[in-house]
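Notes to accompany the following structure.
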Amino acid sequence: MREFSVPEVVDVAPEDNTCTSLWRLAKEQPDFVLYERTRDDGQTWTAVTAREFLDEVIGVAKGLAESGIEPGDRVGLLSRTRYEWTLLDYSIWAAGGITVPVYESSSAKQAEWILSDSGVKAVFVETGQHRDMVTGLVEGLDTIWTIDEGKGAVAELTELGADSEADIDRTRQIRNADDLATIIYTSGTTGRAKGCMLTHKNLLADIRNVTAELPGVLSDGARMLMFLPLAHVLARIVQLAGVEGRFTMGHVPDRNKLTQIMPVFKPTVLLAIPRVFEKVFNGARQKAVDGGKEKLFDKAAACAKEYSRALERPGGPGIGLKLRHKLWDMLVYSKLRAAVGGECTAAVSGGAPLGAELGHFFRGVGITIYEGYGLTETSPVLSLNLTNAIKVGTIGRPTPGTSLRVAEDGELLAKGPQIFEGYWNNDEATSDAIDPEGWFHTGDLAEIDDDGFVTITGRKKEIIVTSGGKNVAPSGLEKVIDANPIVACSTVIGDGRHYIAALVTLDTDSLPDWLERHGLDRETPLEDMVDNADLLADVQKSVDQANTTVSKAEGIKRFAVLPHVFSEESGELTPKMSVKRHVVVKKYEKIIDDLYAQNKN
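Reading the sequence shown from the start, the letters are residues 113 to 713 in the working numbering.
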């Protein structure tokens with residue numbers, strides 16, 4: 113059993129809550145540009161100072177108080193990532209409420225469960241379509257404010273509270289560090305979503321200890337574009353980082369417009385999931401291939417990785433490597449940085465393993481990715497690579513105030529001030545997650561090296577056990593296959609079967625270019641590609657590469673390309689784009705049976 117702890121560097125005062133730093137910032141630096149807003153798809157931005165934002169928060173909070181929202185009431189928030197999301201979140205807190213986020217892509221059934229289980233008193237929705245979905249969904253839920261309907265929820269509530277005598281400064285102080293700040297429902301990859309109860313202390317302890325150890329990245333006037341769903345805990349904690357660390361944030365509801373927006377906004381730091389970084393790399397390489405510069409790009413990429421690895425050695429890169437790196441910087445790396453605005457030097461990645469190769473590539477290019485790890489139940493950050501402690505390919509060391517332990521069965525356990533209070537209305541699930549000694553069981557398998565750096569090796573509940581008794585962790589195999597630009601997602605299967613197989617979906621963004629390069633119509637339907645010999649050979653190369661990372665018994669013997677893509681709407685993906693393995697196995701049962709129809713050894 114291995115354990116590693118890091119002492120806390122910032123504590124949370126008993127009277128603190130998530131509004132404390134906003135009030136302090138508006139007093140100390142009223143003209144600090146906390147947000148920038150856009151109304152034309154990101155081509156022009158308008159500054160919002162800390163004082164202006166606080167005034168808006170107070171205005172909406174007064175309206176909430178006038179409408180009957182009292183301290184401790186739960187308020188739903190269903191919307192895309194946008195400025196109003198953050199404004200309403202802080203307004204709910206200022207009124208003493210508890211925010212219950214709902215993904216804007218949620219089905220009526222999912223929304224009904226979250227809103228009814230949490231017992232919200234009112235709900236914010238983004239559009240009239242959302243309003244129609246929510247209306248009548250939950251008995252007694254009659255107060256629904258719509259952001260984009262009529263004069264809009266913000267203006268409506270601000271008007272309602274204009275003559276209110278409510279003392280929001282007093283109201284926001286009613287809630288202290290130990291009170292609930294939010295109930296965030298898990299994505300539900302293995303069943304019905306559970307509401308994670310996070311206190312103000314959970315959130316503040318987590319982000320204050322992180323920003324203190326990432327100077328200039330999530331603090332000190334940095335600039336970030338927020339495009340991940342704010343209903344997800346990772347984006348939510350970084351939203352708080354903007355106020356706690358004092359940096360400027362812009363909101364992007366449509367991530368497909370990022371490439372047009374980044375050169376205008378010029379972020380200094382990115383927040384993304386690994387798939388985004390994979391797409392950036394694959395897109396840059398494919399552009400080089402199309403321009404006949406494939407070998408040059410590959411040499412540049414190899415140099416970037418070599419340079420990054422040398423940074424971890426005593427003495428760092430030698431003079432020869434420095435000169436080659438400088439040359440490739442002028443020819444290649446500077447163009448990649450320009451594509452993300454030219455000012456970006458750092459990124460934060462979470463949600464899934466990034467992989468050492470991508471990490472070294474981007475650091476070598478000049479954008480250091482600080483990979484971390486956590487869960488909704490942990491607010492979410494448990495470990496993170498920091499500016500003074502980074503090891504590419506790991507998820508970093510425990511954040512300050514956190515203890516991590518690898519149990520005898522390999523499961524990662526955690527203790528710290530960011531660990532949630534438990535699941536809302538679900539004591540049984542809470543007792544299953546937190547043992548009598550106070551350790552939270554993450555469900556992930558991990559290793560901790562001598563320096564305290566953690567590596568996730570698999571998911572405890574997703575370990576595949578073949579009929580021959582072989583234990584196989586699917587995530588490592590999937591990661592290699594998913595690196596292929598033509599692959600959107602792979603799902604390794606084989607539980608109770610006599611060998612390992614996989615299902616593969618195609619990336620519809622990359623497919624048209626692939627088709628053109630192979631002399632086919634760019635509009636060729638997916639169902640016409642499942643048996644295409646060239647495509648199967650392309651995927652097979654990635655499968656073969658994945659198989660080199662495991663023993664022969666753990667290798668993938670057969671795979672099938674699906675004529676569909678996984679999506680949240682069709683039920684295979686969670687809102688954070690994680691695969692619901694049990695749904696996939698059930699939905700594609702016939703295709704899976706066909707993979708095992710012939711005994712292949």
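For glycine and all other residues, C-beta sits at the position ideal for the given N, C-alpha and C.
Opposing strand residues paired with Gly-570 [DSSP bridges]: Leu-557
Spatially closest choice to Lys-527 from Glu-549, Asp-539, Thr-542, by CA coordinates: Glu-549
Counted within 10 angstroms of its Cβ, other Cβ atoms place His-630 as buried (16 or more) or exposed: exposed
Bounding residues of the alpha helix (DSSP H) (the contiguous stretch that carries Thr-323): 312–323
Contact with chain B by Ser-203, beta-carbon distance below 8 Å: Chain labels in this structure do not include chain B; a single protein chain is all it has.
Opening and closing residue of the alpha helix (DSSP H) in which Ala-293 lies: Unbroken run through Ala-293 is the beta strand (DSSP E), 292–297; no alpha helix (DSSP H).
Any non-hydrogen atom of the ligand HEM closer than 7 Å to Trp-157 Cβ: This structure simply doesn't include the ligand HEM, nor any ligand for that matter.
Expected contact under 8 Å - CB spacing of Glu-238 and Asp-260 to nearest Å: 6 Å
8 Å contact criterion, which Ser-654 and Asn-583 should meet: CB distance rounded: Going by Cβ atoms, the distance from Ser-654 to Asn-583 rounds to 23 Å, so no, they are not a contact pair.
Rounded straight-line distance, which links the Cα of Phe-116 to that of Thr-620: 43 Å
Cut-off 6 Å between Cβ atoms - residues of its own chain near Arg-114, not counting five sequence neighbours on either side: Val-518, Ile-560
Contact set for Asp-185: own chain, Cβ-Cβ below 6 Å, skip 5 residues either direction: Gly-209, Lys-233
Cα-Cα separation, Thr-488 to His-242: 25 Å
Proximity of Gly-171 and Gly-262 at Cβ, strictly below 8 Å: no
Range of the contiguous alpha helix (DSSP H) that encloses Met-374: 370–377
Rounded Cβ spacing between Thr-480 and Ala-458 (contact assumed at less than 8 Å): That pair is a contact at about 5 Å.
Limits of the unbroken alpha helix (DSSP H) element including Val-785: With the chain running from 113 to 713 in the structure shown, residue 785 is simply not present.
Trp-157: first and last residue of the uninterrupted alpha helix (DSSP H) it sits in: Per DSSP, Trp-157 belongs to no alpha helix (DSSP H) and is neither H nor E.
Under the three-state DSSP convention, the category Ser-191 falls into: strand
Among Cys-415, Asp-650, Asp-229, nearest to Arg-475 - alpha-carbon criterion: Nearest C-alpha to Arg-475 among Cys-415, Asp-650, Asp-229: Cys-415.
Where the alpha helix (DSSP H) through Gln-658 begins and ends: The amino acid occupying residue 658 in the given sequence is Ala; Gln does not appear at that position. Per DSSP, Ala-658 belongs to the alpha helix (DSSP H) from 645–659.
Same chain, Cβ closer than 8 Å to Phe-144, neighbours up to 5 away in sequence not counted: Here the set comprises Leu-137, Thr-161, Ala-162, Arg-358.
Own chain partners of Arg-149 with C-beta closer than 7 Å, once the 5 adjacent residues on each side are dropped: Trp-157, Thr-158, Val-160, Tyr-195
Sub-8 Å separation of Val-477 and Arg-436 beta-carbons: No, the pair does not count as a contact, with Cβ atoms beyond the cut-off.
CB-CB length for Ser-217 against Glu-639, believed under 8 Å: Contact flag wrong, Cβ pair sits at about 25 Å.
Rounded straight-line distance, which links the Cα of Gly-328 to that of His-553: 33 Å
Per-residue DSSP class, three states only, for Pro-624: In this structure, Pro-624 counts as helix in the three-state DSSP scheme.
Three-way DSSP call (helix, strand, coil) for Ile-280 in this model: helix
Cβ neighbour criterion (16 or more within 10 Å) applied to Met-442: exposed
Exposed unless 16 or more other CB atoms sit within 10 angstroms - verdict on Gly-333: exposed
For Ile-286, the nearest candidate out of Gly-534, Ile-256, Tyr-611, Ile-204 (CA to CA): Ile-204
Boundaries (first-last residue) of the beta strand (DSSP E) holding Thr-211: Here the beta strand (DSSP E) through Thr-211 covers 210–215.
Distance, Leu-439 Cα to Asp-650 Cα: 32 Å
Cβ-based neighbour list, Gly-667, same chain, cut-off 7 Å, excluding 5 preceding and 5 following: Ile-612, Asn-659
Own chain, CB closer than 7 Å to Ala-464, minus 5 neighbours either side, in chain order: Ile-385, Pro-386
Whole-angstrom distance between Ile-431 and Val-691, CA atom to CA atom: 45 Å
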